[in-house]
Amino acid sequence: MFELGIVGGKNAGKTTLIETLLPELTSHGLRVGTIKHSSHRHTFDTEGKDSYRHRAAGAFMTMAVSEGELALFSGDTALAETITAQLMAAHCDMCLVEGDRTTRRPKVFLTRGLSESDAPLPDQIIASYGPEALTDGIPHFALDDITGLALFIIQQIPARRAT
Numbered sequence: 000m001f002e003l004g005i006v007g008g009k010n011a012g013k014t015t016l017i018e019t020l021l022p023e024l025t026s027h028g029l030r031v032g033t034i035k036h037s038s039h040r041h042t043f044d045t046e047g048k049d050s051y052r053h054r055a056a057g058a059f060m061t062m063a064v065s066e067g068e069l070a071l072f073s074g075d076t077a078l079a080e081t082i083t084a085q086l087m088a089a090h091c092d093m094c095l096v097e098g099d100r101t102t103r104r105p106k107v108f109l110t111r112g113l114s115e116s117d118a119p120l121p122d123q124i125i126a127s128y129g130p131e132a133l134t135d136g137i138p139h140f141a142l143d144d145i146t147g148l149a150l151f152i153i154q155q156i157p158a159r160r161a162t
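According to numbering that gives the first Met the number 0, the sequence shown holds residues 0 to 162 in order.
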């Protein structure tokens, strides 16, 4: 499965880009998963809920499952990431990962609001998107060229390169 990072500064439009890319990518027959990565620690489980109580009682990992949804709770970040990747790979052609600048995967970098706090730029940038280009040699897509960006992304998927 092909993973693509969507990275940029705070309020650069990462979520909006994903929302705009999804219909373009799925219109080409792709099953696309998404992961929202946060560099801040969040607690998604709530004290008093059954899943929280399972973990508090010693469960190594807990999943909350309802019709059409599931949540995975684990104190082992690496294991949770491995399981998430396996689930995505089993059911998706590609996965868009919002945030997570440090993981080694190809990335689209959003240039809106680019500031010195974004330096150094993350590794493996394959394209930039936004009002200004990053540097020569990295393909750039303007805000009004979502179709061009989507087609570029599709060409990066190993199974789609020949088509």
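Just so you know, even glycine gets a beta-carbon here, dropped at the ideal spot from N, CA and C.
Can you list, in chain order, the residues of its chain with a C-beta nearer than 8 angstroms to that of residue 18? Leave out the 5 residues immediately preceding and following it.
If you number the sequence shown from 1, residue 18 lands on position 19. For residue 18, where only same-chain residues beyond five positions count, there are no Cβ hits under 8 angstroms.
Measure the alpha-carbon distance for residue 88 versus residue 133 and round it to whole angstroms.
Sequence index remark: in the sequence shown, residue 88 carries index 89 (1-based). Sequence index remark: in the sequence shown, residue 133 carries index 134 (1-based). Taking the straight line joining both Cα atoms gives about 31 angstroms.
Nearest-angstrom beta carbon gap, residue 6 and residue 111 [assumed within contact, 8 angstroms]
Position 112 of the sequence shown, counted from the start, is the residue given in the question as residue 111. Position 7 of the sequence shown, counted from the start, is the residue given in the question as residue 6. Contact flag wrong, Cβ pair sits at about 12 angstroms.
Can you tell me whether residue 37 is helix, strand or coil according to DSSP?
Here residue 37 refers to the residue found at position 38 of the sequence shown. In this structure, residue 37 counts as coil in the three-state DSSP scheme.
Once you ignore the five residues that flank residue 82 on each side, which residues in its own chain have a CB closer than 7 angstroms to its CB?
Residue 82 sits at position 83 when you count from the first residue of the sequence shown. Closer than 7 angstroms at the Cβ level, and outside the excluded window around residue 82, lie 71.
Taking the beta strand (DSSP E) that residue 147 falls in, what are its first and last residues?
Translated into the one-based positions of the sequence shown, residue 147 becomes position 148. No beta strand (DSSP E) holds residue 147; the alpha helix (DSSP H) holding it covers 145 to 155.
C-beta contact flag for residue 152 and residue 24 at 8 angstroms:
For this step, residue 152 is matched to residue 153 along the sequence shown. For this step, residue 24 is matched to residue 25 along the sequence shown. Yes, the Cβ-Cβ distance between residue 152 and residue 24 is below 8 angstroms.
Who pairs with residue 62 in a beta bridge, going by DSSP?
As a position in the sequence shown, residue 62 is number 63, starting the count at 1. Residue 62 is bridged to 71.
Would you decide whether residue 2 is buried or exposed? Buried here means 16 or more other CB atoms lie within 10 Å of its CB.
In the sequence shown, counting from the first residue as 1, residue 2 sits at position 3. Buried, since its Cβ has 16 or more Cβ neighbours within 10 Å.
Our contact map puts residue 36 next to residue 131 with C-beta atoms below 8 angstroms; I'd like the distance itself, whole angstroms only.
Counted from its first residue, the sequence shown places residue 36 at position 37. Counted from its first residue, the sequence shown places residue 131 at position 132. Wrong, their Cβ atoms sit about 25 angstroms apart, outside the cutoff.
Would residue 78 be called buried (16 or more neighbouring beta carbons within 10 Å of its own) or exposed?
Numbered from its first residue, the sequence shown carries residue 78 at position 79. The residue is exposed, with fewer than 16 neighbouring Cβ atoms inside 10 Å.
Relative to the C-alpha of residue 65, which residue among 154, 93, 50, 156 is closest?
Translated into positions along the sequence shown, residue 65 becomes position 66. When each option's Cα is compared against that of residue 65, the closest is 50.
Check the DSSP bridge columns for residue 139 and list the partner residues they point to.
By one-based count along the sequence shown, residue 139 stands at place 140. Note: residue 139 sits in a beta bridge opposite 127.
Own chain partners of residue 155 with C-beta closer than 8 angstroms, once the 5 adjacent residues on each side are dropped:
For this step, residue 155 is matched to residue 156 along the sequence shown. Excluding sequence neighbours, residue 155 sits near 1, 3, 105, 125.
Taking 8 angstroms as the threshold (C-beta atoms), are residue 142 and residue 13 in contact?
Taking the first residue of the sequence shown as 1, we reach residue 13 at position 14. Taking the first residue of the sequence shown as 1, we reach residue 142 at position 143. Cβ distance not < 8 angstroms, so residue 13 and residue 142 don't count as in contact.
Identify which residue in 74, 137, 120, 33 has its Cα closest to the Cα of residue 53.
For this step, residue 53 is matched to residue 54 along the sequence shown. Among 74, 137, 120, 33, the Cα nearest to that of residue 53 belongs to 74.
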